[in-house]
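Structure, as C-alpha cells:
Protein chains: 2
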Amino acid sequence: MSKIDPNKTLPQIHQRRTVAKSGLFTVEQIDLEFSNGELRTFERMAGGGRGAVMIVPFINDHEFLLVREYAAGTHSYQLGFPKGLIDPGEEPAQAADRELKEEVGFGATTLHYLQNVSMAPAFFNARMDIFIAENLYEQTLPGDEPEPLDVIKWSINDLDALLARDDFVEARCITALFLAQKWLKEQ
Amino acid sequence: MSKIDPNKTLPQIHQRRTVAKSGLFTVEQIDLEFSNGELRTFERMAGGGRGAVMIVPFINDHEFLLVREYAAGTHSYQLGFPKGLIDPGEEPAQAADRELKEEVGFGATTLHYLQNVSMAPAFFNARMDIFIAENLYEQTLPGDEPEPLDVIKWSINDLDALLARDDFVEARCITALFLAQKWLKEQ
Numbered sequence: 001m002s003k004i005d006p007n008k009t010l011p012q013i014h015q016r017r018t019v020a021k022s023g024l025f026t027v028e029q030i031d032l033e034f035s036n037g038e039l040r041t042f043e044r045m046a047g048g049g050r051g052a053v054m055i056v057p058f059i060n061d062h063e064f065l066l067v068r069e070y071a072a073g074t075h076s077y078q079l080g081f082p083k084g085l086i087d088p089g090e091e092p093a094q095a096a097d098r099e100l101k102e103e104v105g106f107g108a109t110t111l112h113y114l115q116n117v118s119m120a121p122a123f124f125n126a127r128m129d130i131f132i133a134e135n136l137y138e139q140t141l142p143g144d145e146p147e148p149l150d151v152i153k154w155s156i157n158d159l160d161a162l163l164a165r166d167d168f169v170e171a172r173c174i175t176a177l178f179l180a181q182k183w184l185k186e187q
Numbered sequence: 001m002s003k004i005d006p007n008k009t010l011p012q013i014h015q016r017r018t019v020a021k022s023g024l025f026t027v028e029q030i031d032l033e034f035s036n037g038e039l040r041t042f043e044r045m046a047g048g049g050r051g052a053v054m055i056v057p058f059i060n061d062h063e064f065l066l067v068r069e070y071a072a073g074t075h076s077y078q079l080g081f082p083k084g085l086i087d088p089g090e091e092p093a094q095a096a097d098r099e100l101k102e103e104v105g106f107g108a109t110t111l112h113y114l115q116n117v118s119m120a121p122a123f124f125n126a127r128m129d130i131f132i133a134e135n136l137y138e139q140t141l142p143g144d145e146p147e148p149l150d151v152i153k154w155s156i157n158d159l160d161a162l163l164a165r166d167d168f169v170e171a172r173c174i175t176a177l178f179l180a181q182k183w184l185k186e187q
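Line by line, the protein sequences give chains B and U.
For the first sequence, the UniProt record's numbering assigns the number 1 to the initial residue and increments by one for each residue that follows.
For the second sequence, the UniProt record's numbering assigns the number 1 to the initial residue and increments by one for each residue that follows.
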C-alpha cells in the first residue's frame, strides 16, 4: 500500500508529433521519460477540446427525461441524457440550457452543477460537466440532429430497470444517474 | 414524450472509408441515410476492440484498492480502479484476475460481474466489463507499466471524499464505485 504523493514527478515529454489527423480527431505520439528513467512512446488524442455538458432534466420530484439517439460508434440507438459540446464563449450552464432546448424542447429555470467527469484520460483530454435541470418550461431551439430525438420519461424509482437495459450503458450517463439519485436523497 | 420503439429503423450505411490511421487508432467516415431521408457523413473509430475489464478489489467488507497511474491524455496522475484490455482467448473474468495480479499484486478467489459499460458510443465501440473482486491473495504477475503503480486503500464509507478529488473523475471509475456501493448494500 502507498500514500498518495501529490508531488510525484510527472514524466517529461521529450517530443510530440502528429501521426494521424481526420476532420474530428488528431492523434499524436509523445516520447516520455518517467522519473525512474524508463522511456516510452505513447499515443494520445491531441487538443483539450471545448468541454461538454450533460443534463439530467427533472420534470417533477422523481421523473426525468432521456433521449434516444443514433450512435455511430456502435451503429445502434442508445438511451442517454441530453448532452453536447460547449460553444465558444459559452459558460457550461448556458450550454446545458441550450442543449436542453435543442434536444428535448425545454429550458431550465434552475441548473445545479453536480460533477466534472473525464473519459479514458490515458488517451483523451475530454471533460464534461454534469448538471441537474429543474423547473423546466417549454422552449425549442433548432439543433443539428439529422432526425428528431425521441424523448423518454423515466422514474428515479425505476433505476434498476434502466441499468438492466442494454441501450443504457454509457459510463457518463450511468454516473449522471447515480449522482442525480444521490443529490435527490441529500435534498 | 415518446415510447421506446425497439424496431426503429437504423440509418443505412452507404459507404465507409478509412480517413486516418495511427498505431492505436483508425478513424473512418461513414455516409449515412437516416430513415427520414436525411443524409450525413459521420466520423467514428473503426473496429470494435477486444473489450476491457475494470475491477473493484475489496480487501475486507468496506475497504477497496485504487491505483494511481500516469494518464497521457491529461498529462497527470489519476486515481482509478485497476483495468486493462482482454487478451485474445481470455474470458473477461480471467482478464480481471490477471490485471489484478499485474497492477495491484493480488489474485481474486471470487469475482462478481457487475455491469458492462460503454464510452461515448457516438464515436467508439469500446465496451468494458466491471467486476468486484473478493477474497484476495498475494500474487504478482509482471505487467507492462513503465513504473510500478501506487496502490491506495480507500473505504466505501469515504465515498464523498473520493468523489470530491480532482484526480478521481473518470466516468467508468465513478460508475464502478457507485455500482460497488449498491452491490454492497444489496448483500
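Just so you know, even glycine gets a beta-carbon here, dropped at the ideal spot from N, CA and C.
Applying the criterion that 16 or more other CB atoms from any shown protein chain within 10 Å of the CB defines a buried residue, is residue i buried or exposed?
i: B:K83; result: buried
i: B:L141; result: exposed
i: U:Y77; result: buried
i: B:M1; result: exposed
i: U:E170; result: buried
i: U:A108; result: buried
Round the Cβ separation of residue i and residue j to the nearest angstrom and send it over; I've been treating them as touching at under 8 Å.
i: B:G47; j: U:F124; result: The pair is not a contact, with the Cβ atoms about 17 Å apart (cut-off 8 Å).
i: B:E63; j: B:K153; result: 6 Å
i: U:A122; j: B:A71; result: 5 Å
Leaving out five residues before and five after residue i in sequence, what residues of the same chain have Cβ atoms less than 8 Å from its Cβ?
i: B:E38; result: none
i: U:K21; result: V27
i: B:M128; result: G51, A52, V53, M54, K83, N116, V117, S118, M119 and R172
i: U:E147; result: Y70
Is it the case that the Cβ atoms of residue i and residue j are separated by a distance below 9 Å?
i: B:E43; j: B:P11; result: no
i: U:E145; j: U:E102; result: yes
i: U:V151; j: U:G105; result: yes
i: U:V56; j: U:L136; result: no
i: U:T175; j: B:F178; result: yes
i: B:A96; j: B:D87; result: no
i: U:H75; j: B:I132; result: no
i: U:V19; j: B:G143; result: no
Note down, in chain order, each residue of its chain lying with its Cβ closer than 7 Å to the Cβ of residue i, except the 5 sequence neighbours on either side.
i: B:Q181; result: I156 and L159
i: B:L149; result: V67, R68, E69 and E103
i: B:L184; result: I156
i: U:E138; result: G105 and F106
i: B:R165; result: L79
Can you find a CB in chain B that lies within less than 9 Å of the CB of residue i?
i: U:L56; result: The sequence shown places Val at residue 56 of chain U, rather than the Leu named in the question. Answer no: the Cβ-Cβ gap between U:V56 and chain B never drops below 9 Å.
i: U:E43; result: yes
i: U:N157; result: no
i: U:I152; result: yes
i: U:R40; result: yes
i: U:L111; result: no
i: U:P88; result: no
i: U:K185; result: no
i: U:A120; result: yes
i: U:V117; result: yes
i: U:Q29; result: yes
i: U:R127; result: yes
i: U:P137; result: The question names Pro, but residue 137 of chain U is Tyr in the sequence shown. Closer than 9 Å: no.
i: U:G73; result: yes
i: U:T175; result: yes
i: U:F64; result: no
i: U:L162; result: no
Cutting at 6 Å between CB atoms, please list the residues of its own chain near residue i, excluding the five before and the five after it.
i: B:F35; result: It should be noted that the sequence gives Ser, not Phe, for residue 35 of chain B. So the list reads T9, once near-sequence residues are dropped.
i: B:R17; result: Q29
i: U:F58; result: F64 and E134
i: U:T110; result: E134 and N135
i: U:L85; result: R50 and A52
i: U:H112; result: I132
i: U:T41; result: Q29 and D31
i: B:Q15; result: D31
i: U:P6; result: none
Does residue i get closer than 9 Å to chain U when you measure Cβ to Cβ?
i: B:A180; result: no
i: B:K21; result: yes
i: B:D5; result: yes
i: B:E102; result: no
i: B:G51; result: no
i: B:P92; result: no
i: B:Q78; result: yes
i: B:P146; result: yes
i: B:P11; result: yes
i: B:E99; result: no
Using 9 Å as the limit for Cβ to Cβ distance, is residue i near chain D?
i: B:F34; result: Within the model displayed, chain D is absent; protein chains B and U are what it includes.
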